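Just so we're aligned, residue 3 is where the sequence shown starts under the numbering used here, counting upward by one. Backbone N, C-alpha and C define an ideal beta-carbon position, used for all residues, glycine too. None of these values were measured; they are calculated from a predicted model.
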Amino acid sequence: MDTVCINKESSAELDESIRSMFKWYNGAKMCIVYLAQTESVHNMHKDKWFTRGWTLQELLAPSRIMFCASNWSTIRFPSSNRKGALFNNYLDKTRARRTSTSPSPLLSMICKAAGLTVYELCNFPNFATRRISIWRKMEWAANREVTREEDTAYSLMGLFNVSMPTGYGEGAKQAFHRLVREILNSKTTSVSQLEIINWGSQGPSSDYSAFGKFLRLSDDRLSSSVLIPDSPRLYVTSPESRNVHFYPPSVPITLSHLGLCVPVLLMPAAHLTSTLAGTADEGNSGYEFPPRGDYSATFTHSEHPHPSFQLREFCNLLDGRLFSRNSPFSPRATRIFAVLNIAEKSAEVLLPETGPCLAIQVHPNPGIEGWTIPEGVEFTTKPTVRPFTFYINYHNKTSFRIPKDKLTHYGMTLRMTYL
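Below, the structure is given as structure tokens:
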């Protein structure tokens with residue numbers, strides 16, 4: 003209904019309205035939603051209103067929402083979960099929060115249709131939900147439809163509490179790239195700006211067919227960083243990546259024409275063999291090997307994911323044989339992985355305290371011999387590479403805290419680099 007209040011012939015008024023829309027809805031006493039395709043509460047979840055781009059903030063921002071069916075009859079919500087409870091003609095989020103652990107079937111249906119949890123719907127944008135990760139907010143919008151392609155980005159400004167000028171005609175990629183810059187420059191977005199790199203991560207239970215979307219959208223990439231996609235539509239996470247833990251950044255995270263400047267912990271790995279994704283052999287990647295120090299991991303990985311054909315490599319991270327003079331591995335069988343979700347302190351480096359490591363395969367340029375990575379070496383990546391997850395093993399009662407003077411002993415290298 004807000005569209006009739008905006009003079010779309012005035013670019014200045016349209017721009018101001020788009021940037022103010024979340025604030026309007028958040029300050030409203032009541033938001034009235036007309037569900038044009040809903041005849042009764044039973045088919046309410048099929049209404050396209052729940053999958054449109056702009057309606058996401060219309061659902062999240064207000065504290066009270068009245069839903070009207072196609073005949074303008076109101077959809078009624080129980081005032082409590084008790085038997086014989088009274089009904090309200092609107093959704094009161096404050097009241098719903100008190101019963102969010104056992105929500106009504108109607109509230110659960112709305113959340114499922116919108117791709118939200120009951121907690122997210124009933125609490126956003128309160129203080130507690132400001133810690134909702136960047137990748138999760140992107141995931142809310144991943145499958146939503148818009149009429150004008152730039153609205154994929156513009157409709158997210160309010161959710162991230164950022165503002166930027168609109169410019170219809172710039173294209174979806176450029177609009178999203180500008181949104182990313184605003185998010186990275188914001189100090190109130192979330193715990194860590196690095197959460198923005200947690201997209202489409204590969205894991206043991208990844209859906210490889212979903213990555214066909216990335217191959218289509220990665221033509222003519224606009225982003226200068228391989229860590230940032232060109233669209234929120236690629237923030238469809240695997241179960242493993244939902245558990246990725248990020249620390250508040252110890253240094254500013256900056257994006258330039260060189261890429262995203264981030265601290266990484268570099269770890270070499272031995273490439274053992276390869277197999278096709280989804281085959282019976284894929285799970286048989288466990289090889290006994292002596293690690294370099296007290297940390298190790300074994301996983302499968304691919305730099306060239308494809309929805310119908312994906313060759314997976316078995317890798318032993320920090321394999322002790324890589325560091326011997328008589329290493330059985332040729333330089334072509336050595337891989338280098340950059341772990342991204344770390345924290346650098348004055349005397350130590352922190353691996354993720356909980357959850358998996360988020361990493362990306364990198365290539366030294368120029369190439370190096372052995373496992374020592376000298377200062378000044380730049381790194382390149384394949385255009386189709388994406389972040390992936392793995393769990394690291396701890397030996398001899400070591401912890402996620404690694405003293406800096408022990409990194410070389412463990413075969414690790416700390417670097418600040420552009421990716």
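- Put simply, the segment 101-117 touches the segment 47-57. At least three CB pairs are less than 8 Å apart.
- Listed in chain order, the non-local C-beta contacts of T57 below 7 Å within the same chain comprise W51, local neighbours out to five positions each way being set aside.
- Going by C-alpha positions, F331 is about 11 Å away from G322.
- If the five residues before and after A144 are omitted, its C-beta is found closer than 7 Å to the C-beta atoms of P234, R235, Y237 and V238, all from its own chain and listed in chain order.
- Cβ-Cβ distances below 7 Å link E141 to Y237, V238 and T239 in the same chain, with the five nearest sequence neighbours on each side left out; the list follows chain order.
- Following the DSSP letters along the chain, one finds N187 inside the alpha helix (DSSP H) bounded by residues A174 to N187.
- Per DSSP, S258 is one residue of the beta strand (DSSP E) stretching across T256 to S258.
- A distance below 8 Å separates the beta carbons of S72 and A38.
- Closest by C-alpha distance to C359, out of F381, G378, M159 and Y393, is Y393.
- Here the C-alpha atom of G169 lies approximately 19 Å from the C-alpha atom of E147.
- For T419, the uninterrupted beta strand (DSSP E) run begins and ends at T415 to Y420, by DSSP.
- Exclusion of the five residues before and after P251 leaves S194, Q195 and L196 as the residues of its chain whose Cβ lies within less than 7 Å of its Cβ.
- Nearest C-alpha to T419 among F402, H397, A335 and I362: I362.
- In summary, M23 is buried, with 16 or more beta-carbon neighbours lying within 10 Å of its beta-carbon over all protein chains present.
- Annotated three-state conformation of E60 is helix, per DSSP.
- In the three-state scheme derived from DSSP, where H, G and I count as helix and E and B as strand, N128 is classed as coil.
- The distance from the Cβ of M68 to that of V120 is about 19 Å, inconsistent with a contact at the 8 Å cut-off.
- The beta carbons of N200 and P389 sit about 7 Å from each other, so the pair counts as a contact at 8 Å.
- Distance check between L353 and each of Y249, L260 and D407 places Y249 closest, using alpha-carbon atoms only.
- Between I404 and Y396, the gap from beta carbon to beta carbon reaches 8 Å or more.
- Around the C-beta of H259, fewer than 16 other C-beta atoms lie within 10 Å, and the residue is accordingly described as exposed.
- Two segments are said to touch when three or more pairs of C-beta atoms, one from each, lie closer than 8 Å; by this definition the segment 315-329 touches the segment 291-302.
- Following the DSSP letters along the chain, one finds E350 inside the beta strand (DSSP E) bounded by residues E350 to L352.
- For A115, the uninterrupted alpha helix (DSSP H) run begins and ends at P107 to A116, by DSSP.
- Note that the C-beta distance between N245 and G357 is below 8 Å.
- In the three-state reduction of the DSSP assignment, R327 falls in the coil class.
- Secondary structure note for T96: its alpha helix (DSSP H) is the uninterrupted segment K95 to R100.
- Collapsing the DSSP output to three states places Y92 in coil.
- Per DSSP, the beta bridge partners of N367 are E380.
- A direct Cα-to-Cα measurement between H273 and H247 gives close to 27 Å.
- M269 is not a Cβ neighbour of F381, given a cutoff of 8 Å.
- The three-state reading of DSSP puts H273 in strand, counting E and B together.
- Just so you know, the alpha carbons of D153 and S226 end up roughly 22 Å apart.
- In this structure, I134 lies near E122, with their beta-carbon atoms less than 8 Å apart.
- When beta bridges are read from the DSSP output, E346 appears opposite V351.
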